[in-house]
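A quick write-up on the structure given underneath.
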Amino acid sequence: MQCSKGLALLAASALAIVAGAQEARDYYKIGVVCELSGDTVTGGNVCKRGYDLWAQEVNAQGGIKVGSKKYKVQLFYGDSQSNPSTGAAAAERLITQEHVDFMFGPYTSGCAIAVGPVVEKYKVPIINGSAESPNVWLQHFKYSFGAIPPVNFTGAMAIQTLAKLEPKPKTAVVFGSNDTFSKATATAFNAECEKQGIKVFKFNIVPEGQDLTPLLSAMKGLRPDIIAFGGHDEELINLVKDLRQIDYTPKAVLMHYGVTEPAFVDALKGDANQVFGGAVWDEATKTSSKILWKDSQAYATAAKKAFGVPADYTQAGCSVSGIIFQEAVAKLNAAPPLNEATREKLIPVLEGLDLQTFYGRIKFATEGDFYHANVGISPLTVQIQNGVVKTVGPAAVAEAKAQYPMTPWSQR
Amino acid sequence: MELLPQALIDGIMLGAIYINIAIAFSLVYGVLHIIDFAVGEWIMLGAFTGYHLTLLTHVEPFLLLPIIFVIFAGLGLLLQPLIQRVLSGHKGNPTLMALVFTFGLALMVRGLAQTFFGFYSHSIPSRFSAGSFFFQRGSFFVTISSVRLLGLVYAVVLTLLLNLMLRKTDFGLAIRALAMQKEAAGLMGVNATRTNRWLFAIYVGVTAMTGVLIGVILSVASKMGPENSILAFFVVVLAGMGYLAGVPAAAFLLGIIQSIFLVYLDPGYTMMAVFGILYLILLVSPTGMFRRGM
Chain R
1 MQCSKGLALL
11 AASALAIVAG
21 AQEARDYYKI
31 GVVCELSGDT
41 VTGGNVCKRG
51 YDLWAQEVNA
61 QGGIKVGSKK
71 YKVQLFYGDS
81 QSNPSTGAAA
91 AERLITQEHV
101 DFMFGPYTSG
111 CAIAVGPVVE
121 KYKVPIINGS
131 AESPNVWLQH
141 FKYSFGAIPP
151 VNFTGAMAIQ
161 TLAKLEPKPK
171 TAVVFGSNDT
181 FSKATATAFN
191 AECEKQGIKV
201 FKFNIVPEGQ
211 DLTPLLSAMK
221 GLRPDIIAFG
231 GHDEELINLV
241 KDLRQIDYTP
251 KAVLMHYGVT
261 EPAFVDALKG
271 DANQVFGGAV
281 WDEATKTSSK
291 ILWKDSQAYA
301 TAAKKAFGVP
311 ADYTQAGCSV
321 SGIIFQEAVA
331 KLNAAPPLNE
341 ATREKLIPVL
351 EGLDLQTFYG
361 RIKFATEGDF
371 YHANVGISPL
381 TVQIQNGVVK
391 TVGPAAVAEA
401 KAQYPMTPWS
411 QR
Chain S
1 MELLPQALID
11 GIMLGAIYIN
21 IAIAFSLVYG
31 VLHIIDFAVG
41 EWIMLGAFTG
51 YHLTLLTHVE
61 PFLLLPIIFV
71 IFAGLGLLLQ
81 PLIQRVLSGH
91 KGNPTLMALV
101 FTFGLALMVR
111 GLAQTFFGFY
121 SHSIPSRFSA
131 GSFFFQRGSF
141 FVTISSVRLL
151 GLVYAVVLTL
161 LLNLMLRKTD
171 FGLAIRALAM
181 QKEAAGLMGV
191 NATRTNRWLF
201 AIYVGVTAMT
211 GVLIGVILSV
221 ASKMGPENSI
231 LAFFVVVLAG
241 MGYLAGVPAA
251 AFLLGIIQSI
261 FLVYLDPGYT
271 MMAVFGILYL
281 ILLVSPTGMF
291 RRGM
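Following this line, the structure appears as structure tokens:
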């Protein structure tokens, strides 16, 4: 009896030692929670492209230079299945079983908010390459950072651009799909419309994926100048098709997020033209950097070569998340594997970063409503013109004049 | 008040789409007692097939419907014996096992579609997408989209054809006999195996054609299956499971409730209203709104 007790104690001690000992390796393990299936699979895969492109590029250069040595990166993906609780479980598995050094975040804000407490618990920093809802930053998660500014920056800019066009839009209807990001987008549109003196006839949050034809047909009678919608790819395509089917052309259609995805133009062809959207980057954005890609054009070329389609700002935001990580570990001189103490030290390093990247400036807020969001970058208003995304606002960075008001469907 | 005619018309147009989604599903449940969780995936596959065929041939997608039907009916003919084998099992609960089988099939098809078709959304181009009819009388106005009107016509024709098949053909007689009393029908000379197989083939073919319609009116995506499955289940349960004649009424009711909520009330409560009405009806009449379900 005593002998078996002793053996059991010995076995338990051995297991504890094995569990506690850190694996020795010469590469960084980065966990990525992403929507690889489910309703937001499109956005999730756009994010994956961004993260993969960074990993591919940095490994092609031999890895991240820390001290005198270079360390490659390996990405470990967890599928959130477009479900926040599944995303949280995936994050936990990546941290506790894969023992990742760092995390990159999901496409959706709902998932990012669910993953936040998990990374806080295990003290693993995460950079969200997407996730634009301001609610993500209101949580004040110490270990969460974001490469893209919140949508109340981006959405407000788009309405400001429209408000300056002639004839000045006077009325609007604003809708948002019922998910964290889309609601925040619609709220941002609504708030800025009121600020700009644009009367909002109707502001509604609608069920995800709902056929909006009855609502749009009713709005046709009111003839709003602007139709502004917060949603995701499929919903945006359906909305433009609905407007076409009921033959209603407002002065402007503004939608976010999905206008900058190649599938939007591919699906709608000529009907995509003159639709406005929000962004924080496009391939014509004037940037200059010494890290990985020297400017926007270099990144856009690399992305097109890798995936055959133009990159959009979400993909770019995910790639720049990798750049942020590599600069932080290089600055801290933190070689893999990263233990808890090292990861803790990364937080002030990340907070102190001020980078010029192909994407633009990276500078995280350290207090207030945008805590740990990137406030270094300026939002843009874009418009599809002849099948290509063009920046049309603000005036200082516009590469093309906004085409406004929209050409009626029957005349296209 | 001025918006009411438009709201009702849009509700009917929505309902037409739901009829197309649910009608064959109701038929196959009524006879074969198969709860096919993959109904939405047949729609998705039909939509993608229609999309790629349209791109390849540059033919109007509605003219490709017969080809879609033949392809997917063929698929249904191949698949039905597998489902029948599960349903005919003597161990466990065969009906539950068939449900699990179709659920697994749905997951597999969805995953394969994402792998082979990708994750982007698409649209099936059609010359009918652009037109609409506009009527105005005083302050009342109505816009009817051509393609959605076509969807309504398609739903009516489909319902009539299926009814005609059931009422006026020997095959239909066999189907009705099997639905009423399977053993007795067999004793009367109905070949249940062959009838079931062809019925399932028709169901898959018809459902896939609906995918093309949805791809023209809305969009095509590998993720579109589950929401269409939910709609199919909703309409069929509301109508009464297996009660074909109830499907149009249930579908129109669903469409009109959604439309009224979108136009007059808070769209955020649309789903709550729709499911609330379903629960109320089922509380009063568990076999569907016409009390004719199984």
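Protein chains in written order, with the working numbering: chain R, 1 to 412; chain S, 1 to 294.
Backbone N, C-alpha and C define an ideal beta-carbon position, used for all residues, glycine too.
- DSSP places residue 40 of chain R in the coil class of the three-state scheme, outside both helix and strand.
- With fewer than 16 other beta carbons inside 10 angstroms of its own, residue 92 of chain S counts as exposed.
- The alpha carbon of residue 278 of chain R has as its nearest neighbour, out of R:366, R:253, R:294, the alpha carbon of R:253.
- If you check each beta-carbon in the region 243–257 of chain R against every beta-carbon of chain S, the ones closer than 7 Å belong to 244, 245, 246, 247.
- With a 10 Å radius around the Cβ and a threshold of 16 neighbouring Cβ atoms, residue 408 of chain R comes out exposed.
- In the DSSP annotation of this structure, residue 241 of chain R is not part of any beta strand (DSSP E); the continuous alpha helix (DSSP H) holding it starts and ends at 233–245.
- Taking the CA atoms as reference points, residue 316 of chain R sits about 7 Å from residue 359 of chain R.
- Using a CB distance cut-off of 8 Å, residue 211 of chain R counts as an interface residue toward chain S.
- The C-beta of residue 291 of chain S has fewer than 16 other C-beta atoms within 10 Å across all chains shown, which makes the residue exposed.
- Residue R:332 holds the alpha-carbon nearest to the alpha-carbon of residue 67 of chain R among R:332, R:287, R:257, R:215.
- By the beta-carbon neighbour count (other beta carbons within 10 angstroms, threshold 16), residue 43 of chain R is buried.
- In terms of beta-carbon proximity, residue 122 of chain S lines the interface with chain R, with at least one pair separated by less than 8 Å.
- Listed along the chain, the chain R residues whose CB falls inside 9 Å of the CB of residue 26 of chain S amount to none; the nearest CB is some 21 Å away.
- For residue 122 of chain S, the secondary structure class from DSSP, reduced to helix, strand or coil, is strand.
- When secondary structure is reduced to three states using DSSP, residue 303 of chain R falls in the helix class.
- Nearest to residue 123 of chain S by alpha-carbon distance, out of R:236, R:335, R:301, is R:236.
- A check of alpha carbon separations from residue 178 of chain R across R:159, R:110, R:151, R:117 identifies R:110 as the nearest.
- Under a criterion of Cβ atoms nearer than 9 Å, no residue of chain R is adjacent to residue 106 of chain S; the nearest Cβ is some 13 Å distant.
- Remark: C-beta atoms of residue 199 of chain R and residue 171 of chain R approach each other more closely than 8 Å.
- Listed along chain R, the residues sitting closer than 7 Å to residue 271 of chain S by beta-carbon distance are 207.
- Sequence-ordered contacts of the region 197–209 of chain S with chain R are nonexistent [C-beta pairs closer than 9 Å].
- Residues of chain R with a Cβ closer than 7 Å to the Cβ of residue 60 of chain S do not exist; the shortest Cβ-Cβ separation is about 16 Å.
- For residue 237 of chain R, a Cβ of chain S is located within less than 8 Å of the residue's own Cβ.
- Along the region 36–47 of chain R, going in chain order, the ones with a CB nearer than 7 Å to a CB of chain S are 37, 38, 39, 41, 42, 45.
- At a cut-off of 8 Å between beta-carbon atoms, residue 204 of chain R makes contact with chain S.
- Considering only beta carbons, no part of the region 64–96 of chain R lies closer than 7 Å to chain S.
- Chain R places no beta carbon closer than 8 Å to that of residue 95 of chain S, leaving this residue out of the contacts.
- Here residue 167 of chain S is exposed. Its C-beta has fewer than 16 other C-beta atoms within 10 Å.
- The beta strand (DSSP E) runs lying completely inside the region 190–229 of chain R and spanning 3 residues or more are 199–206, given in chain order.
- Note that the region 294–310 of chain R does not touch the region 362–373 of chain R; fewer than 3 beta-carbon pairs, one per stretch, sit closer than 8 Å.
- The Cβ neighbour count for residue 288 of chain R, taken over all protein chains shown within 10 Å, is under 16; the residue is labelled exposed.
- In the three-state reduction of the DSSP assignment, residue 362 of chain R falls in the strand class, which pools E and B.
- Of all alpha-carbon atoms in R:224, R:221, R:206, R:248, the one lying nearest the alpha-carbon of residue 230 of chain R is that of R:206.
- Residues of the region 166–183 of chain R with a Cβ closer than 7 Å to any Cβ of chain S, in chain order: 178.
- Under the Cβ criterion (8 Å, minimum of three pairs), the region 259–268 of chain R does not count as touching the region 208–224 of chain R.
- The Cβ atoms of residue 73 of chain S and residue 220 of chain S do not sit closer than 8 Å to each other.
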